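There are 2 protein chains.
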Amino acid sequence: MTQLREPLSLISECGLPAALEVMGERWSFLILRAAFNGFVHFEDFSSELGIARNILSNRLARLVDHGVLARERCEHDKRKVEYRMTDKGRELLPAILALRDWGLRHSDSAAPNLVLVDARDGKPIAPITIRAHDDRVLEWGDLAWAEPGDVATAPAEACAEEA
Amino acid sequence: MTQLREPLSLISECGLPAALEVMGERWSFLILRAAFNGFVHFEDFSSELGIARNILSNRLARLVDHGVLARERCEHDKRKVEYRMTDKGRELLPAILALRDWGLRHSDSAAPNLVLVDARDGKPIAPITIRAHDDRVLEWGDLAWAEPGDVATAPAEACAEEA
DNA sequence: AGCAATAGGTAGCGCTTTGCAACTTAGTGA
DNA sequence: TCACTAAGTTGCAAAGCGCTACCTATTGCT
C-alpha cells in the first residue's frame, strides 16, 4: 500500500522495487501459483491456501488493480467470480519457476511428485538460468554492468527471439 | 518466523513455499540485490536501502541462518562485518533477474541507465525465459505436469548442461 | 594513555499489517 | 419460500515494521 521507497542510488534503477510493489506482500506469490494451476474462485483460493478471507480479498483486489489477474463474474452462475491470469501475470511465470526451483533444490524434501514438462515432447523443462544473447548459460561471474549506449551491437537474432 | 503453512494439497509440493520462507519477508529481496551489487557492510545496506536498523539486523541474521549470506568479521578492522553471498545465495540470481525484468517491463519508467551484459562479449543478456531441454523458449501454453516416472527419457545432454 | 568517532547492533514504543471469527448480501435450486 | 452457496466485509487481537535513542567494541588521533 505505502509504496516501497527507493533511495534512487542503487545501480541501474532496478525494476525490482516495482515488481515487489505488486508481488512483495505475503501470499501474493502463492495466490499466483494457485492461479497458474487453474484455481479461479475465491473459495478455492481460500481453502487451498488456508489464507484468511479478508486478506485474500485484499490481495486479489490488489493483483487485479495491477493487471496481474482479471476479475469477471461467471456467466452461468452469477454468484461466482473468476480470477484469471492476464498476459502480464503469465509473464511472471519465469520468476515464479526460478523461485520454486531454488526452494526445491535447497530443501531437504524428496523429489516432487510432479514435474513440469514440455507438452510437445513430454520432457522435463530445463532449470531457469541466465543466458547470453546466444543462449549460453551464464553464471554470476560472467556478468557485468554496461551503459545502454556502449553495449556491443545488439544482435538481430536476439531481438527476434525475445518476442 | 512462523513458518508459512502449506496445506499440502497443491499440485507438486511446489518448493515455492520453501523459497518464500527464506525470501518472502519485506526487504529480503532488496537486501540480496544490494549484496549482488557488492554491498557488504551493515551501514551500507542501511543507508542504501533506507531500512530501519533493527529490521535490517533481523533480515541479515535470517539470511545468514538460511545460508544465503555469510557473515564474517573484517580482518583489518574488527569493528566491521562483511556479509557476502554464498553459492546458495548466488543461485537466486535467475529469480531476482526474472522479477527485475518483469518489473522493468511493466513500469512506465524509461530504459534503465545500466544493463547487464555478458562480460565475455559485452552483449546484453537474454531475458529470463522458460526453456525446454533443448533450449527452445517455452510459454505458459507449452507446459504440462507429469509424474517423474513417466517422463520421456531424460536426455543426457540436458543433464550435462544443468551442471 | 585519553578521547572522539565509527561500526554494528539492541531496546522501547507507536503504527500498520495480518489472522480469526462472525456477519452480510446476492444468487441458486428444491 | 427457504436452505444453501459464493464472495465478500467488519471488529478485534496478535504479529510485524519503523523510528529514535541507546549500548558496546574498535579504531585513530593527539
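Line by line, the protein sequences give chains A and B. Going by this note's numbering, the first residue of the first sequence is number 1, and it counts up by one from there. Going by this note's numbering, the first residue of the second sequence is number 1, and it counts up by one from there. Built from N, CA and C at the ideal position, the CB exists for glycine as well. None of the values given here were measured: they were computed from a predicted structure.
Asked: Please name the residue in Ala144(A), Ser109(A) and Ala70(A) whose C-alpha comes closest to that of Val40(A).; Found: Ala70(A)
Asked: DSSP three-state call for Arg164(B): helix, strand or coil?; Found: Here chain B comprises residues numbered 1 to 163, so residue 164(B) is not present and cannot be evaluated.
Asked: Check whether the segment 89-101 of chain A touches the segment 27-35 of chain A, taking contact to mean three or more Cβ pairs, one atom from each stretch, closer than 8 Å.; Found: yes
Asked: Of all the residues that make up the segment 125-144 of chain B, which are near chain A by a beta-carbon distance shorter than 7 Å?; Found: Ile125, Ala126, Pro127, Ile128, Thr129, Ile130, Arg131, Ala132, His133, Asp135, Val137, Leu138, Trp140, Asp142, Leu143 and Ala144
Asked: Kindly indicate which residue of Trp145(A), Lys123(A), Ala146(A) and Gly141(A) has the alpha-carbon position closest to the one of Val151(B).; Found: Lys123(A)
Asked: With a threshold of 8 Å, are at least 3 pairs of Cβ atoms found where one atom belongs to the segment 73-90 of chain A and the other to the segment 33-53 of chain A?; Found: yes
Asked: Looking only at its chain, what residues have a beta carbon closer than 8 Å to the beta carbon of Ile96(B), apart from the 5 residues adjacent to it on each side?; Found: Phe29, Leu32, Arg33 and Phe36
Asked: Got a sec: is the Cβ-Cβ distance from Leu4(A) to anything in chain B below 9 Å?; Found: With a pLDDT of 39 at Leu4(A), under the threshold of 50, the predicted position of this residue should be treated as unreliable, though the coordinate-derived value follows. Interface residue, yes.
Asked: So, does the CB of Arg90(A) fall closer than 9 Å to a CB anywhere in chain B?; Found: yes
Asked: Which one or two residues does DSSP pair with Arg84(A) in a beta bridge?; Found: Ala70(A)
Asked: Do we get a CB-CB distance below 9 Å when we pair Asp118(B) with the residues of chain A?; Found: yes
Asked: In chain order, what are the residue ranges of uninterrupted alpha helix (DSSP H) at least 4 long that sit wholly in the segment 90-146 of chain A?; Found: 93-105
Asked: Under 9 Å, do Arg105(B) and Cys14(A) count as touching if we go by C-beta distance?; Found: no
Asked: Indicate the three-state DSSP secondary structure (helix, strand or coil) for Ile51(A) in the structure shown.; Found: coil
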